[in-house]
Structure formats: structure tokens, C-alpha cells
DNA sequence: ACTTTTACCGACTGATTAGTCGATCTAAAT
DNA sequence: ATTTAGATCGACTAATCAGTCGGTAAAAGT
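Residue numbers (the UniProt record's numbering), protein chains in the order written: chain A, 1 to 186; chain B, 1 to 186.
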């Protein structure tokens, strides 16, 4: 693993465990096994690192959801696959998910403008808009829909994290939760 | 306004705008118009202040929801009143809401144990459990239900905050959103 | 009246932090 | 072979921060 990647991985873990300001850059560097200067060679400021990490994770999520794209099935099934795919991914990428949440509700989020954030999940949004035009789902403001779906995902993930369910039971919950989501947007 | 209250109010604003570690205790004291030592007279540590603020807001929310209690109407209407009451409160207490969200997803949340957090909205949870037993709402794990409802509220609030709707339009959204919530839990 | 407790002040400190800088070390380009 | 450019190092610094302390003033208790 190259040093830059190592920095990101370590930063992710520390930021989630101790918060943004609660994590010193020197601690990240030390734990990542690189020199202090190396961190600042790749990221000019701590803020840069935080935003780079956010974008990195967002892109990985988008890419993963993308891999579930299947234009041939009907919309409900197509959307279901993506939702389930995302939730299963969240089970195995807990830190990534928690980082996104922490970032969302932190003052750092307002450093990126709203447009730029949305751009990172552009494909997904476009698909929702398209589905709305074709009357597969209820007509409502796209921002509203996104907020609802996002927070539903967060809710399920949060429940699963603090629950003591077995992996099998968690998967069961995920599969069942889709029906409710569909009812919400349909 | 007494000094202690002034400290809490100032801390709320600064924590939301700059984050927990991004806000220096000296800055809180200065902006609240009290001496540095006074802050530490009331709160032994910064962490104490953060948790006291969280509890203060949680209690105010609980109290406000409580004021909408009305045992005489049927459950759907009763729950609606509480939901609408909460959402309207959130419109006028934006900072309080954002603080709760920030706290939830910060490492500070894990300093309080889960039990203690739930206790602060005990009444609401008990009511939900009761309603479930009497088959007013779908039978499902109480934690699941709470996570879903909580995050739905967050979602609507988040949408309203970043939207450019007039106060009247916002109220319209709130009233409409209840139907979806009811479907979700029913 | 006097004693104790509480409210409040602000200068001070030891520790920590983000970020800098000049040096060394590659590895590719010419 | 020599230049150039990026990668990596770690000691250093100026600034900042959480929390302390010794003191004064005002309430509260007796």
C-alpha cells in the first residue's frame, strides 16, 4: 500500500474514532508510518485531507452502486438491487459510512457547496429524476426525495450498527426494509 | 439572562458553526461576556459543557413534545400532533436541531451510554411501545422503529433547512410528510 | 455580626497543534 | 552522466488551547 493511500486509511479510522479536530495530523502521520512532512506533501492542509477523504469515499460508494446497475429489470427491482447493494456495502464499510455521516453534519460540509456534493452522486440522482418523469415513483421535489432516501439509509445503518444481530439477521433486516422504502417513494 | 444560561446559548451557536474542537472554550467565554474561569466554574471540563448542552436541548425537546400530549384523540392523530409539533419547533430552533445531529454522529455520543440517551426521550419511546402492543402500529423492534422515525425527522428537517421555501410552504411540507411517516410505521 | 459558600474574575502555564523548511533520496528524462 | 522533479524525512516554531489558581465580591446560613 503506498503512503498516500496509507494516510487516507489511517485518517479515516482516526477521524471517526476521535473526530476531526480531535485527531492531530501528527497522530495520523505517526500511525500511518509516514513522516509529518509527507502528509503535508500530499495534502496542503488538514482541511484538504478531510475533503479529499470525503470525495474518495463518495466516489467509491457511487462506483459500488453503479456496479449494480441493470437497465433490463423493471424499476422497482433495479432500485432494490442498488439499495440492497449499498446496505450490504455499509455492513462491511462501517468506518466509511460513519465518516460520511460525521462529515455531513459537521461545519466542514458547508465548505463544499451543495452543488459539488450532489455531483458526487450524480448518476443516482439522475436515475431518480428519470424514474419520476416516467411515473415509476411519486412526483415530488428531487431534493426532498434525496433527503428522505439518504436519511432512511442512515437510519437502517445506524440501527444495524448498534444492534447485536448476527450477519444473517442483519441481511434479513436489510431485505425487509426495502419494502418500506419503496412504499415511501412510490 | 444569567451567566450560565449565556454560556450555554453561546456555546450552542459556536459549536454548530465551528464544531466541537473547532470552538475554543476561551472563545465561548469571551463571546458570552464572561471570564474564562467562570466557564470552568460551571462546567469542570469542555466535555462536561458539551454533554450538559446536549441534555439541556434534549429535555427541552421532550418537554415541548410532551405539551402536545392528548390521550383523548385516537393514536394516529395523537402521534401526528406530536410529529407536527416537533417539526414546527425545529423550524424555529435550527441551531438546537443541528447540535443534536452533530452530537449524534460525533465521538462524544459514545461517551454517554445508549441507555442514558434513550432515557432522555423515554416518554416518547414508551408511548411507541404501548401503541405497538395495542396494534396501532406495526410490530417491530423498538430500536428499529426509533431509528427510522428519528432519521425521517432529520431528513425532513435537513430538506427544509437547505430549501428556499417560504414559512408557509415549509409548513405545507411538514403536514404532507406526516402521511408518509404514518404509512412507514403503520 | 460573622462565617461559609458560591459566583465571578483574568492572568498564567504546560502541552499540543498545524504547518514549514531545508536536507536527502530516489527515479525518470535528457 | 547529469539534470530535474517528485517523494520522504524529521526537527522546528509560532500560535493556540484546556484547564488552574489565587483572589475579590456578593449571598446565604447561623
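Quick reminder that beta carbons are idealized off the backbone N, C-alpha and C, glycines included.
### Task
Check the C-beta distance from residue 158 (chain A) over to residue 114 (chain B) and give it rounded, since I have them as a contact under 8 Å.
Numbered from 1 along the first chain, position 158 holds the residue referred to as residue 158 (chain A). Numbered from 1 along the second chain, position 114 holds the residue referred to as residue 114 (chain B). Not a contact, Cβ separation roughly 11 Å.
### Query
Counting along the chain, where does the alpha helix (DSSP H) carrying residue 56 (chain A) start and finish?
Here residue 56 (chain A) corresponds to residue number 56 of the first chain, with the count starting at 1. Note, residue 56 (chain A): alpha helix (DSSP H), 46-66.
### Query
At which residues does the alpha helix (DSSP H) containing residue 147 (chain A) begin and terminate?
If you number the first chain from 1, residue 147 (chain A) lands on position 147. Here the alpha helix (DSSP H) through residue 147 (chain A) covers 142-162.
### Query
Under a CB-based cut-off of 8 Å, is residue 37 (chain A) close to chain B?
Looking up residue 37 (chain A) in the first chain gives position 37. By this cut-off, residue 37 (chain A) is not an interface position.
### Query
Within the chosen definition, does the segment 53-65 of chain A reach the segment 85-101 of chain A through at least 3 CB pairs nearer than 8 Å?
yes
### Task
Output the distance between the C-alpha atoms of residue 29 (chain A) and residue 17 (chain A), rounded to the nearest integer angstrom.
One-based indexing of the first chain puts residue 29 (chain A) at position 29. One-based indexing of the first chain puts residue 17 (chain A) at position 17. Looking at the two C-alpha atoms, the distance is approximately 16 Å.
### Query
Who are the Cβ neighbours of residue 89 (chain B) in its own chain at under 6 Å, not counting the five residues just before and after it?
For the purposes of this step, residue 89 (chain B) is identified with residue 89 of the second chain, where counting begins at 1. Counting only Cβ-Cβ distances below 6 Å, and skipping sequence neighbours, we find 64.
#### Entry: Chain-order list of residues whose beta-carbon lies under 8 Å from that of residue 106 (chain B) (same chain, five-residue window excluded)
On the second chain, position 106 is the one that residue 106 (chain B) refers to. Only 20 meet the Cβ criterion.
### Query
Run through DSSP, which three-state label would residue 38 (chain A) get?
In the first chain, counting from the first residue as 1, residue 38 (chain A) sits at position 38. Note: residue 38 (chain A) maps to helix in three-state DSSP.
### Task
Return the first residue and the last residue of the alpha helix (DSSP H) that residue 12 (chain A) is part of.
Locating residue 12 (chain A) in the first chain gives position 12, where the first residue counts as 1. Residues 3-18.
### Query
With DSSP run on the structure shown, which of helix, strand or coil describes residue 135 (chain B)?
Within the second chain, numbered from 1, the residue matching residue 135 (chain B) stands at position 135. If DSSP states are grouped into helix, strand and coil, residue 135 (chain B) belongs with coil.
### Query
Which chain B residues are close to residue 180 (chain A), counting only those with a beta carbon under 7 Å from its beta carbon?
Taking the first chain and counting its residues from 1, one reaches residue 180 (chain A) at position 180. Simply 184.
### Query
Can you name, in chain order, every residue of its own chain whose Cβ lies under 6 Å from the Cβ of residue 152 (chain A), other than the five neighbours on each side?
By 1-based counting over the first chain, the position of residue 152 (chain A) is 152. Excluding positions up to five away in sequence, the list reads 181.
### Task
Taking residue 162 (chain A) as the query, report the chain B residues whose CB atoms sit under 9 Å from its CB, ordered along the chain.
In the first chain, the residue the question calls residue 162 (chain A) occupies position 162. In chain order: 114, 143, 147.
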